[in-house]
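Some notes on the structure that comes next.
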Amino acid sequence: MAGLEELSREELIALVERLLESNAKLTERVKQLERQVSRNSANSSMPPSADDLPGRATPAAKPAKRADRKRGKQKGAPGSAMSWAVPDTTVPHRPSGNCGCGADLAFAEDLGVERSHQVHDLPEVRLTVWQHDVHRVRCACGTEHLGSLPDEVPDSPLSYGPNLRSLVVYLLVYQHVPVQRCVQLIADLTGGKGPSGGFVHGMLTRCARAVNEVVAVIRSLITMAHVAGFDETTLRVGPAGSRRRYVLSASTETATVYHLGGRDLDSFADAGILPGFAGIAVHDRYSNYFHSRWENLAGHQACVAHLLRDFADAAETYPDEHWPKQAQRALRGLIKAWHQAREKRLAEIDPRVSGPLITEFDNAVKVGISRVPRVPGPPSSTAQRPGRELLEFCRDRQGDVLRFSGDTRVWPTNNISERNLRPTKTQQKISGRLTSEDITQDRLNIRSYIDTARKQGVNVMTALRQAITGNPWQPALPPPI
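Take the sequence shown: its position 475, counting from 1, is numbered 475 in full-length UniProt numbering, and each next residue is one higher.
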């Protein structure tokens, strides 16, 4: 390349223009990279576990708690302290030795219990072997009769009982204990050798087969609900390099069901809820939830928790603008008013409370629309400025954003679904990639059964024992709308 002194004026101008163009592209690229590393759980849908990744910007510190808010249990929150119970065993403690007069206190008159102290503890876990002897008898008439085994005892010479089998499934599915650690844990607890890895793994299929009909009932109950939350998350299943799989969930306050599939419309349909669901669907802004294929839907409620994170992102992107914080303030005020209305059993938020907040939110969206212009071009191929699509969504679907303010049966956030899906990420962290889609669906079916039983106040171990012994627990019918 010739030296600058050898270039003509026109060539120098062309060189400067190329350098300016290259610099503009690099500047835009730097902005994109800075934006990527600035994503965290406070301004996007990223999980909190990703906040500690190298180079990731940590969320801003939460505001300090109110001075009048003390640590520990809050007023009105359910307690979990121990309570006085009917004792299983009573241990008397009498004085021993001799009185000052020389008499033996063993013969002293008992004046009653002075005070009592209860200790809540677990008994030592030991493996108990129950031998079931089937007897043959002969009547006086000469006819012989053979005894029969209880339903919970398999017709094999050696087997594990329903309590141990229930514990195996509970550890695998609910506590995410890997198979070999489950074997070792039971062996350590019981003082025995413990079941084999093959037996432990096989319990997933056996239990899933036992609860399949119950899961179908749970799916029907959610389909009939007035409001349900929908969410999805990735899960590594199958050999490395295979297509990405998703766990799709549908949740109400009393039921949950999971389905392994993709993030496409057909998978959403295969999950078995949305095609027939005629209630209000609470979810994030993913376009498939708004598809016309779900023609029975009565309406949508966009998850306000997601919107608040998106507005937090807009506040960081446009630090000199007031509209992102104004929108957040209005939405948080509406959520607080919703909780207060629910506590008073009101059908909707008092319009005198919701009206000004809705106006404040609407004004914030209008200002944002005017300050963040749309980039011209086809919607499918044109990247918009940060916050523009969020603002257009809130403008065009305000009814789906603020529906909860007019119906307190509708939740403002989809936190219930996010909490239900969180354990699948725990499973992935502990066990890594799951090898079989069929076994993964078995796990999800058992989890649907367990989560629904827990939501309805049923002891999980009792529900598992019932399933394993051939009489699975059945969910209660929902209250009338």
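Ideal placement from N, C-alpha and C gives every residue a C-beta, glycine not left out.
Predicted model, so just to flag it, every value in this text is computed and none were measured.
Taking DSSP as the reference, what is the three-state secondary structure of residue i?
i	result
residue 370	helix
residue 280	strand
residue 286	coil
residue 176	coil
residue 246	strand
residue 434	strand
residue 155	coil
residue 104	strand
residue 414	coil
residue 301	strand
residue 420	helix
residue 349	coil
residue 392	helix
residue 425	helix
residue 409	coil
residue 162	helix
residue 457	coil
residue 296	coil
residue 383	coil
residue 477	coil
residue 23	helix
residue 490	No answer is possible for residue 490: the residues shown for the chain start at 1 and end at 481.
residue 356	helix
residue 28	helix
residue 85	coil
residue 364	helix
Which residues bound the beta strand (DSSP E) around residue i?
i	result
residue 231	227-235
Kindly identify the DSSP beta-bridge partner or partners of residue i.
i	result
residue 251	229 and 256
residue 144	138
residue 377	Beta-bridge pairing links residue 377 to no other residue.
residue 262	In DSSP, residue 262 forms no bridge with anything.
Just tell me which of the options has its CA closest to the CA of residue i.
i	options	result
residue 150	476, 469, 473 and 477	469
residue 279	288, 163 and 296	296
residue 84	118, 92, 105 and 200	118
residue 259	253, 245 and 252	245
residue 180	430, 234 and 109	430
residue 168	378, 464 and 105	464
residue 213	446, 134 and 19	446
residue 127	188, 272, 293 and 142	188
residue 146	138, 346 and 152	138
residue 306	185, 323 and 286	286
residue 177	462, 443 and 454	443
residue 114	93, 417 and 122	93
residue 391	457, 32 and 323	323
residue 352	399, 371, 406 and 329	406
residue 153	144, 82 and 132	132
residue 129	19, 107, 346 and 192	192
residue 329	344, 308 and 349	308
residue 190	19, 385, 419 and 123	123
residue 319	358, 120 and 371	371
residue 485	454, 97, 362 and 277	Residue 485 lies beyond the stretch modelled for the chain, which goes from 1 to 481, so this question has no answer here.
residue 161	185, 203 and 140	203
residue 230	173, 303, 472 and 98	303
residue 452	327, 347, 284 and 174	174
residue 172	462, 249 and 426	426
What is the residue span of the alpha helix (DSSP H) that residue i lies within?
i	result
residue 327	323-343
residue 305	304-317
residue 488	Here the chain comprises residues numbered 1 to 481, so residue 488 is not present and cannot be evaluated.
residue 213	197-223
residue 468	460-468
residue 99	Premise fails: residue 99 is in no alpha helix (DSSP H) and is neither H nor E.
residue 171	Counting along the chain, residue 171 falls outside any alpha helix (DSSP H), and DSSP gives it neither H nor E.
residue 387	From DSSP, residue 387 is part of no alpha helix (DSSP H); its letter is neither H nor E.
residue 398	398-401
At a cut-off of 7 Å, would you count residue i as near the ligand ATP, judging by its Cβ distance to the nearest heavy atom?
i	result
residue 147	The ligand ATP is not among the ligands present in this structure, which contains no ligands whatsoever.
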